[in-house]
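Encoded as structure tokens, the structure appears first; notes follow it.
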Amino acid sequence: MSDESRPSPARQAPATRTNTPTAAVIPAAGRGVRLGPGAPKALRALGGTPMLIHAVRAMAASRGVSLVVVVAPPDGAAEVKNLLDTHALPEWTDFLVVPGGETRQESVRLGLDALPPEYDIVLVHDAARPLVPVDTVDAVIEAVREGASAVVPAVPLADTVKQVEPAAAPGEPEPVVATPERARLRAVQTPQGFDRATLVRAHETVTDDVTDDASMVEQLGLTVVVVPGHEEAFKVTRPLDLVLAEAVLARRRLNDGF
Ligand code: C5P
């Protein structure tokens, strides 16, 4: 090809990775103390089915996902394996269960360590977000396939957010120090999607405590891109969230009935 007939770099299609094998890692090793006493959060029932099974099905519902790695409570891996064996899951997806760690970060790293080499794209999805719709999962995968190193689904905030200083003494009020512009804030959900090599490097490099994986990629100086999240991808954290999750499931069943 002559130089004239070669497309200019600006007009070339992005380096897409249409058929890159994608795996989902589901950290499910937390105790979920904010939900109240009882079984580990991921094993609590929603509509009669453990939350974790909903989350696994949500990942496996995407045709793009061919492996789901569940990171189980360290003393609960056998129970989780048994759960996966006894619930119907799509046959185009493989499943692995590995024991988790002390922190979410450690649990995700243990999940990454278990991935076979062919998986170049990784999703990380909280077991505590059992109802994420498949369209959101597909949108995250698509954005990584189109070349993003890291992708987060996110939604605008309804509440105004205040930054506070810690109280001077226990029982004292917390002074407000800033009000970030709400229009530029997003509440970030999962699954978050990554180029696998980037996420592995982030886990090797960043040792700070973080609450999501994308922030580790930000700390590497790389761009994280946002795709639209979904209101049904909320995190089940407090007792009221269970009520909402049951209502969403009931609405889905009603809609499926028509
Ligand atoms: O505590 P938080 O709600 O942020 O936990 C998010 C997810 O991380 C949950 O799915 C939880 O099970 C998981 N986790 C984990 N290992 C830990 C702590 C949390 O897999 N040690």
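Position one of the sequence shown corresponds to residue 13 (my numbering), numbered consecutively onward.
Glycine included, C-beta positions come from ideal geometry on N, C-alpha and C.
Note that the coordinates shown come from a computational prediction; the quantities given were computed from them, not determined experimentally.
(Q) Please state the DSSP three-state secondary structure of residue 97. (A) helix
Q: Use the C-beta contact count for residue 125: other C-beta atoms within 10 angstroms, 16 or more gives buried, fewer gives exposed.
A: exposed
Q | Environment of residue 53 [buried if 16+ CB atoms lie within 10 Å] | A | buried
Q | Assigned secondary structure, residue 56 (DSSP; H/G/I helix, E/B strand, else coil) | A | coil
Q) Comparing the CB of residue 241 with every heavy atom of the ligand C5P, is any distance shorter than 6 Å? A) no
Q) Can you list, in chain order, the residues of its chain whose CB lies under 8 Å from that of residue 240, leaving out five sequence neighbours each side? A) 148, 151, 165, 166, 167
Q. Would the C-beta of residue 5 count as close to the ligand C5P, meaning under 6 Å from any of its heavy atoms?
A. Because the chain here runs from 13 to 270, residue 5 falls outside it and cannot be looked at.
Q | Simplified DSSP state of residue 161, which is helix, strand or coil | A | coil
Q | Residue range of the unbroken alpha helix (DSSP H) whose run includes residue 252 | A | 251-268
Q) Among 29, 208, 213, 172, which has the Cα closest to the Cα of residue 136? A) 208
**Q.** Unbroken beta strand (DSSP E) run spanning residue 227, endpoints
**A.** Note, residue 227: premise wrong, no beta strand (DSSP E); alpha helix (DSSP H) at 226-231.
**Q.** Outcome for residue 229 when other beta-carbon atoms lying within 10 angstroms are tallied against a minimum of 16
**A.** buried
Q.
Measuring CB atoms only, is the stretch 61-77 touching the stretch 185-192, in the sense that at least three cross pairs come out at less than 8 Å?
A. no
Q) Does DSSP put residue 125 in a helix, a strand or coil? A) helix
**Q.** Span of the beta strand (DSSP E) around residue 79
**A.** 77-84
Q) Since residue 109 and residue 37 are thought to touch, with beta carbons under 8 Å apart, how far apart are those beta carbons, to the nearest angstrom? A) With 8 Å as the limit, residue 109 and residue 37 do not qualify as a contact, their Cβ atoms being about 11 Å apart.
Q: State buried or exposed for residue 195, treating a residue as buried only when at least 16 other CB atoms are found within 10 Å of its CB.
A: exposed
Q. Which value, in whole angstroms, describes the spacing of the CA atoms of residue 41 and residue 251?
A. 19 Å
Q) CB residue 116 to CB residue 39, shorter than 7 Å? A) yes
Q. Is the stretch 60-70 close to the stretch 95-102, with three or more CB pairs under 8 Å?
A. yes
Q | Assumed close pair residue 32, residue 213 - CB separation to whole angstroms, cut-off 8 Å | A | In fact, because the Cβ distance is near 18 Å, the residues do not count as touching under 8 Å.
**Q.** Delimiting residues of the alpha helix (DSSP H) encompassing residue 40
**A.** No alpha helix (DSSP H) holds residue 40; DSSP gives it neither H nor E.
Q | beta strand (DSSP E) runs wholly inside the stretch 160-205, at least 3 long, in chain order | A | 162-168, 188-190, 198-200
**Q.** Outcome for residue 211 when other beta-carbon atoms lying within 10 angstroms are tallied against a minimum of 16
**A.** buried
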